[in-house]
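Residue numbers (the working numbering), protein chains in the order written: chain A, 2 to 199; chain B, 2 to 199.
Note that beta-carbon positions come from the ideal geometry of N, C-alpha and C, so glycine has one too.
To keep things clear, I will list the structure first and then write my remarks on it.
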DNA sequence: CAGCGCATGTAAGATGTTACATGATTCA
DNA sequence: TGAATCATGTAACATCTTACATGCGCTG
């Protein structure tokens, strides 16, 4: 496994919060940082096995529970390895934004189609924004006094700022693209053309 | 090849701008949308061959030039396929932000290390911002009158807003994390503790 | 007893990067 | 002539998603 296996470190990091099963790891990620990081079961289960083989985590069958849960705990070596990785400067991400990619080549498309894409994009991010704001209040209450609170709030603050920025960008872009139609058809056919200032 | 092969459509889209070789495609992407989309040669060359085999592009050896360039042109079928894909609503991206991931688990790290990460992150985005702003002026001049200009400006505007947002977020987060140190050590040992308002 | 949520896992294939190999041309 | 840039490509590996298979326990 290469040095840059971020799934590996993500899973290790989850276990630094509390011991978890593979299922728990997925639930935890989906419930906290799903908007900018996710892992599939296809990654999680094999990775947990590999981490156990490397001595970085320890798995125990949870026998208090009839459902065959296997709960993993960070070992001291695992915690050290996690901290080593966290201390390395984060590498710049090159994310892929499909909305921007399509927009970049949208001279190949009717203006109205592009506008629909942008409206959908705006709606999705506006909805996310609502969710983030609700979570902020909930986090402050649930994690009051925890050393993790300031970090979780900072990350959530990034999500909020990002969604706000996207909504604002969509509005500006929609307005500018609508302007293109107005330029192409200065006056609608149903309205008589009258004097217009140049 | 699955329906969601975005590299495939990205390359097709590049050829809608003008005929290009594999090398050109890479240069073009790196010179325009590298901040949110990139492709490696390992993807580009095989994909071009596959597109040619599918009849979506046509490759010709550039013989005016001694350097064995192979230039690809979009076929009518290729253009139709590109437009079909562009018209589909863009799928929501789930990017991976390593900075945010590390920050989320940074209670495992000395505060000073986290601050260094954030300062580096800020510097990178501030530098990008300068680059984007320079490119904006250049774009307006070079693409004046082109139907592509509004789209390219909109995409660049997204990059600018994103970088501004990150810089602002870094400043806010750095301030809040520095506050943690101040809380932990209300007064430095070398300075005598005096009255402080609660 | 049906369906949902809990829970674990594998196999196949899609996707993507990196390192390497090769050779021409251009410019200092 | 040596280095940088132009130019193409492959092989190996790493990564990741999707679909599938399986079965328990709880609730209505």
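- Distance from the CA atom of residue 135/B to the CA atom of residue 134/A, rounded to whole angstroms, is 35 Å.
- For residue 161/B, the closest C-alpha among the options 101/A, 38/A, 148/A, 24/A is that of 101/A.
- Close CB contacts of residue 144/B within its chain, under the 8 Å cut and outside five residues either way in sequence, are with 150, 153 (chain order).
- Neighbours of residue 166/B in chain A, taken as residues whose beta carbon is under 7 Å from its own, are 162, 163, 166 in chain order.
- Residue 175/B and residue 120/B do touch by the CB rule: their CB atoms are close to 7 Å apart, below 8 Å.
- Annotation for residue 42/A: the continuous alpha helix (DSSP H) segment containing it runs 42-54.
- For the pair residue 82/A and residue 13/A, the CB atoms are nearer than the 8 Å cut-off.
- For residue 56/B against residue 73/B, the beta-carbon gap comes to about 12 Å, at or over 8 Å, which does not count as contact.
- Non-local C-beta neighbours of residue 23/A in its own chain, meaning closer than 6 Å and more than five positions away in sequence, comprise 45, 46, 49, ordered along the chain.
- Residues of the segment 12-35 of chain A with a C-beta less than 7 Å from any C-beta of chain B: 14, 17, 34, listed in chain order.
- Chain-order list of chain A residues neighbouring residue 44/B: empty, with the shortest C-beta distance near 12 Å, by a criterion of under 9 Å.
- For residue 16/A, the enclosing alpha helix (DSSP H) has its first and last residue at 7-18.
- Judged by their CB atoms, residue 170/B and residue 69/A are not nearer to each other than the 8 Å cut-off.
- Residue 116/B has its alpha-carbon roughly 28 Å from the corresponding atom of residue 20/A.
- Along the segment 98-118 of chain B, going in chain order, the ones with a CB nearer than 7 Å to a CB of chain A are 98, 99, 100, 101, 102, 103, 104, 105, 106, 107, 108, 109, 110, 114, 118.
- Remark: C-beta atoms of residue 104/A and residue 88/B do not approach each other more closely than 8 Å.
- Fully enclosed alpha helix (DSSP H) runs of no fewer than 4 residues occupy 99-105, 112-143 of the segment 84-158 of chain A, in order along the chain.
- In the DSSP assignment, residue 32/A falls outside any beta strand (DSSP E) and within the unbroken alpha helix (DSSP H) covering 23-33.
- Proximity to residue 27/B across 42/B, 18/B, 36/B peaks at 42/B, based on C-alpha coordinates.
- Nearest neighbour of residue 52/B by Cα position, chosen from 124/B, 75/B, 180/B, 64/B, turns out to be 75/B.
- Shown here, residue 71/A sits in a strand according to DSSP, grouped into three states.
- For residue 79/A, the closest alpha carbon among the candidates 18/A, 155/A, 36/A, 37/A is that of 18/A.
- Residues of the segment 123-153 of chain B with a Cβ closer than 7 Å to any Cβ of chain A, in chain order: 125, 148, 149, 151, 152, 153.
- Taking a 10 Å sphere around the C-beta of residue 108/B, we find 16 or more other C-beta atoms and assign the residue as buried.
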